[in-house]
Each structure stands twice: as structure tokens, then as C-alpha cells.
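S.K.: Here you go, one structure.
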Amino acid sequence: MITYEESFKLNDSVVLAYSSIVPDWLALKDEVLKDFIYEDFFVKAEYDLANIEDALKKKAKREFHTYQKIINNNLNYIPSEKEEWIAEHEVKIESAIHDYLIVSTTHYYCLGAVRGTASDYHVTEITYRIFDVRKKIKVNLYDVVNPSINWNQLIRSGTDRTLFRTGRFKGVNIKVDYNKDTTVEKIPEPPSFYFNKEKIYFLYPALDLIDSERCAVLEIFKNFNDMKSYFSMEFKKRMGIE
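Reminder that position 219 of the sequence shown reads as 218 in numbering that gives the first Met the number 0, one-by-one numbering, no gaps.
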């Protein structure tokens with residue numbers, strides 16, 4: 000793994016602790032695959048450690064300027080006690096299944112907090128990207144499921160199997176009745192998705208679907224057996240779904 004950490008002084012009372020962790024696949028010979036792995040923060044250049052670290056440093060600077068604006072927009076917020084705000088970024092190779100490479104990107108923000116204590120404000124953003132190693136292309140949602148799928152109907156169809164994700168933690172199982180507990184009239188398509196050997200997961204920001212005290216992520220999952228009629232023929236063949 001390649002790690003970059005930096006601390007920024009936002010004012011006399013607030014410090015931003017920034018960290019970024021990305022895979023060390025610099026020796027990989029497949030340039031298309033490397034572009035895919037590093038695309039979320041890296042403008043293509045020669046792939047070496049110095050360039051990756053420079054890209055992570057620039058990303059850290061952008062985070063600093065973002066939080067500097069937050070401080071300024073709040074009339075130069077100065078708390079009575081010193082605070083350490085946290086911004087974490089991680090790119091992780093989650094799995095490789097039947098020549099599908101699954102990569103996650105997590106952004107975790109904690110404002111108004113001292114590390115290890117309860118905070119005033121958490122934000123978790125998780126996205127997944129999938130790469131077809133055989134075809135050397137990104138896999139989109141509708142490469143896997145039928146474009147005519149009715150998301151509102153599917154998500155409300157009796158499932159209460161949901162992971163509640165905050166930060167870089169694995170998440171906890173919660174029960175949600177999506178016929179009763181949602182805050183929206185119509186559930187849209189998921190902003191992100193991924194799968195393992197047995198299940199497919201649809202990701203939504205928690206605040207977009209339910210009442211939540213945290214800006215977390217819902218991972219609504221279904222077994223392949225429950226999704227057979229929705230999957231594309233190519234995906235079923237590749238994954239051995241009968």
C-alpha cells in the first residue's frame with residue numbers, strides 16, 4: 000500500500016488530519032488496468048512512486064482548501080477547545096471474481112471531533128468500480144442487470160437485508176422495511192453497486208432513503224438466486240448462475 004499523511008492548521012483551534020491509502024500496483028504491466036485503479040485521484044503520467052505521492056499531496060491540498068472555506072463560511076469558526084478534524088481517503092482492491100476486478104473508494108470525514116471520541120458531524124462516501132479484465136473495460140450497472148429494471152419495486156420487494164456503513168468499517172446489519180421506512184416516494188437506481196460470489200449489493204446514501212443520524216451508506220443486498228431474472232445473460236454465464 001502507498002500511504003500519504005499530512006496535518007493542516009485551519010486556525011489556532013482546529014487542525015485537519017488528512018490521510019490517503021492507495022494500492023501499490025505500480026509494477027503492473029497492464030496500463031489500462033493501472034489507469035482504472037488510480038483514476039479517482041491521478042491524472043495519467045508516468046506511473047512511479049514519486050508521481051503517485053505528488054498526486055496524493057495535491058489531493059490533500061484540495062481537501063485543505065475545502066475545509067478552509069468551511070471555516071471561513073462559518074465566520075472563522077473557533078471552538079473553545081482544540082479540535083482535530085479528520086479526512087480519510089482509501090482506494091482498495093476488494094476482490095477479483097471471474098476476471099472482474101472490484102475496487103472501492105472510501106471518503107470519510109469527521110468534523111468537530113477529537114480522534115477517538117464522539118464527533119459533531121460524520122460523512123461517509125463509498126463508491127465501487129468494476130473492471131472487466133478480459134475486455135479491458137469498465138463494467139456499468141446495466142452490463143450486469145436489465146436496463147428495464149424497476150428499482151422502486153425491486154428495493155421494496157420484501158428485503159430487509161442491509162449493511163449500514165460508516166467510515167472504513169465493514170458495517171452492521173440493520174433491518175429496514177423499504178415499504179414503510181423510506182423517506183422518498185420512488186426509489187431511484189443505485190449510485191453504486193458491487194457483487195461477490197453469491198450476492199449483489201446496491202449502495203445508497205442513507206439520508207437519501209431513510210431517517211438517519213449519520214451521513215452513512217446503505218448497502219442493500221440480494222442473493223443471486225433472487226436476482227436471476229434481472230441479470231444479463233453474459234453476467235449469468237460468467238458468474239455461473241443457472
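C-beta atoms are modelled at their ideal positions from N, C-alpha and C, and glycine is treated no differently. The structure displayed is predicted, hence computed values, not measured ones.
1) Compare the Cα-Cα distances from residue 149 to each of 136, 229, 215, 102 and report the closest residue.
2) What number of angstroms, rounded off, separates the C-alpha of residue 69 from the C-alpha of residue 215?
3) According to DSSP, is residue 37 part of a helix, a strand, or is it coil?
4) When you compare the CB positions of residue 127 and residue 37, do they come within less than 8 Å of one another, or not?
5) Counting only runs of 3+ residues fully inside the stretch 74 to 158, write out the beta strand (DSSP E) ranges in chain order.
6) Which residue or residues does DSSP assign as beta-bridge partners of residue 16?
7) According to DSSP, which residues form a beta bridge with residue 192?
8) Can you check DSSP and say which residues form a bridge with residue 31?
9) Buried or exposed for residue 27, please, with buried defined as at least 16 other CB atoms from any protein chain shown within 10 angstroms of its CB.
10) Quick one: is residue 205 buried, meaning 16 or more other Cβ sit within 10 Å of its Cβ, or exposed?
11) Do we get a CB-CB distance below 8 Å when we pair residue 180 with the residues of chain D?
12) Below 8 Å on the Cβ atoms is my contact criterion, and I expect residue 77 with residue 6 to pass it. Report the Cβ-Cβ distance as a whole number of Å.
13) On the three-state DSSP scale, how would you describe residue 241?
M.R.: The short version:
1) 229
2) 20 Å
3) helix
4) no
5) 82 to 96, 99 to 110, 120 to 131, 136 to 138
6) 6, 85
7) 201
8) Beta-bridge pairing links residue 31 to no other residue.
9) exposed
10) buried
11) Among the protein chains of the structure shown there is no chain D, as only one such chain exists.
12) So it is not a contact: roughly 18 Å between Cβ atoms.
13) coil
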